[in-house]
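Notes for the one structure printed next.
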Amino acid sequence: MPDIEAMLTSSQRNVNGTAILKLRPLGFECVGVDSADDLLKSKLGEYGEMQHGWTAEEAKGFIKVLSTPLRVYYGIHEDEER
7 MPDIEAMLTS
17 SQRNVNGTAI
27 LKLRPLGFEC
37 VGVDSADDLL
47 KSKLGEYGEM
57 QHGWTAEEAK
67 GFIKVLSTPL
77 RVYYGIHEDE
87 ER
């Protein structure tokens, strides 16, 4: 049990700030956050928009490397649907 508690404590070390929640009878929805560690405020890019951290060529290379396991898998299992 101490290991699980330590893992949970460690996983929350960068959780801070406030959240705005919309409460409903059977659940809730997060409609806003304000945190110094908000990953969507990154200077590397804007979520879903511009990326300032990589060039287009670097992004293409990353995609190629990341897709290697799937390309190998489907190269071996050609009869499977994609």
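Count along the sequence shown from 1, then add 6; that gives the number in my numbering. Just so you know, even glycine gets a beta-carbon here, dropped at the ideal spot from N, CA and C. All figures in this text were calculated on a predicted structure; none of them were measured in a lab.
| message | Which same chain residues end up closer than 8 Å to N22 when comparing Cβ atoms and leaving out the 5 residues on each side of it in sequence? | response | Same-chain partners within the cutoff: S41, A42 and D43.
| field | Strand pairing of A12, partner residues [DSSP] | value | Paired residues: none, contrary to the question.
| query | At which residues does the beta strand (DSSP E) containing G38 begin and terminate? | reply | For G38, the enclosing beta strand (DSSP E) covers residues G33 to D40.
| How many angstroms separate the CA atom of A62 from the CA atom of Y80? | Counting only the Cα atoms, Y80 lies some 26 Å from A62.
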